[in-house]
Ligand SMILES: [Zn+2]
Ligand SMILES: [Zn+2]
């Protein structure tokens, strides 16, 4: 990894591209590369190419990547057509039904494990009763998890604490055709998410402040609209049925990993390993892996389509330009991480100072972050878009490649946004989020 991070050393400062002699993009804080011929555009991938397995496995990986690349391109074409026809409906094809069927079998297997273990415990011989205990523990691991609404966790905001934020979220939700959220959380991550948790399937919106704070007011509306898009775009991967089936399969995968005993759940693996031969484990392991891969393929299309629909919704609610710049800002995650890293290593001054100076320090932190991101040169932003194109098909594919998302948004003409933020509202948001912002600063600077 270290060698992969220092390719900038290859070209001398001011030197032209070694391949095509065009001038290089050489801000030494970032990767030195050639926008003309893409020399060194993705140094990490180039070093990773050396470690891609050769022979059959390598060919299989290459085939899978090119298949996923083809799907990504096809989904993009379909999304452009859907956008032109203004048909923002999710489509459920054969693959979707196959995925739901596989999920049903997974849940059935959990029911069988539970039932058999209970039966053994109640009516079995001494030997079977002993087996029933790990069986029930296994069933507990495999059970569907509903998640919990933690109203009192440090990141949660109640409606009373943040009326302006909830007000804005409600307006965007209603413009997106989504029901209002029950809970908003403001966390320290560079992302945002929307999900349903708990027995009552409460709708929870999570806004990562490092992302939120670098966005312009209209980009924030685009972000909210994209997240609410997940409530209406038919993304089955996030549903309880499919999501919990995948989690159960991942548990199976973890538990049956032949050499994974030390890192898997405490005790349980040792117990199971006692009576299941290693060979059987391997067969189960490989089968689970295959099923996970099939599920991934079955949901790739609906998942990517859902993301495009969420982006198109953001265009309608917040405008195409705000959605495009939002997507481009989301490519800056690495830089935000680098900034935080630097902050954590920096010596702390005035940690014991009073409330006023702490507030000043917090404000400075976010200003510095914004200034640093503003200083990321155009060539580096362009490089990240190109990397997204090059890595298409090798990413985990939860979202379509960013360059295609941007391209889709750019096909939409300028029109009026359905929701706009006014200045008073933006100022109120600023005040409401002050406490959570301070908590993020504390978590990043008082780390040592
Ligand atoms: Zn070049
Ligand atoms: Zn999304």
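Residue numbers (my numbering): 7 to 454. Cβ coordinates follow ideal geometry from the N, Cα and C atoms, glycine included. Values in this document were obtained by computation on a predicted structure and should not be read as measured data.
- Residue 212 sits in a strand when the DSSP states are folded into three classes.
- In this structure the segment 410-419 lies against the segment 315-333, because at least three pairs of beta carbons, one per stretch, are closer than 8 Å.
- Going by beta carbons, residue 220 and residue 388 fall outside the 9 Å limit.
- Annotated as proximal: residue 231 and residue 178, with beta-carbon spacing under 9 Å.
- Taking the Cα positions, residue 405 is about 11 Å away from residue 316.
- Shown in chain order are the residues whose CB sits closer than 6 Å to a heavy atom of ligand 1: 23, 25, 26, 28, 40, 42, 43 and 45.
- Look at residue 203 here: in three-state DSSP terms it is strand.
- Where residue 34 is concerned, there is no enclosing alpha helix (DSSP H), because DSSP gives it neither an H nor an E.
- CA-to-CA, the gap between residue 341 and residue 351 works out to about 15 Å.
- One alpha carbon belongs to residue 419, the other to residue 83, and they sit about 17 Å apart.
- DSSP places residue 255 inside the alpha helix (DSSP H), whose first and last residues are 246-261.
- Linking residue 208 to residue 290 through their CA atoms gives a straight-line distance of about 35 Å.
- About 12 Å separates the Cβ atoms of residue 168 and residue 431, ruling out a contact at the 8 Å cut-off.
- In the DSSP annotation of this structure, residue 108 is not part of any beta strand (DSSP E); the continuous alpha helix (DSSP H) holding it starts and ends at 100-129.
- Residue 153 is positioned such that its CB atom lies no closer than 9 Å to that of residue 243.
- Per DSSP, residue 220 lies in no beta strand (DSSP E) and is assigned neither H nor E.
- With contact defined as three or more Cβ pairs closer than 8 Å, the segment 140-149 and the segment 179-187 are not in contact.
- Relative to ligand 2, the beta carbon of residue 183 is positioned no closer than 8 Å to any heavy atom.
- As the crow flies, the alpha-carbon of residue 100 is around 14 Å from that of residue 302.
- Using a Cβ distance threshold of 9 Å, residue 114 and residue 126 do not count as a contacting pair.
- One Cα belongs to residue 75, the other to residue 394, and the distance between them is close to 12 Å.
- The DSSP-derived three-state label of residue 193 is strand.
- Here the segment 291-300 does not lie against the segment 200-207, with fewer than 3 beta-carbon pairs under 8 Å apart.
- For the set 68, 252, 424 and 235, the Cα lying nearest the Cα of residue 398 is the one of 68.
- The continuous stretches of alpha helix (DSSP H) do not include residue 25, and DSSP gives it neither H nor E.
- When the beta-carbon positions are compared, residue 216 and residue 446 come within less than 9 Å of each other.
- The C-beta separation of residue 31 from residue 41 comes to about 6 Å, placing the pair in contact by the 8 Å criterion.
- Here DSSP, grouped into helix, strand and coil, assigns residue 162 to strand.
- Note that the C-beta distance between residue 81 and residue 307 is below 9 Å.
- An exposed status is given to residue 374, since fewer than 16 other beta-carbon atoms sit within 10 Å of its beta-carbon.
- One Cα belongs to residue 224, the other to residue 239, and the distance between them is close to 22 Å.
- Beta-bridge pairing by DSSP links residue 198 to 213.
- In the three-state reduction of the DSSP assignment, residue 43 falls in the coil class.
- 212 is the residue among 245, 185, 212 and 186 whose C-alpha sits nearest the C-alpha of residue 198.
- Judged by the Cβ position, residue 374 fails to qualify as a neighbour of ligand 2 at the 8 Å threshold, every heavy atom of the ligand being at least this far.
- A distance criterion of 8 Å places the beta-carbon of residue 233 in contact range of ligand 2, judged by its closest non-hydrogen atom.
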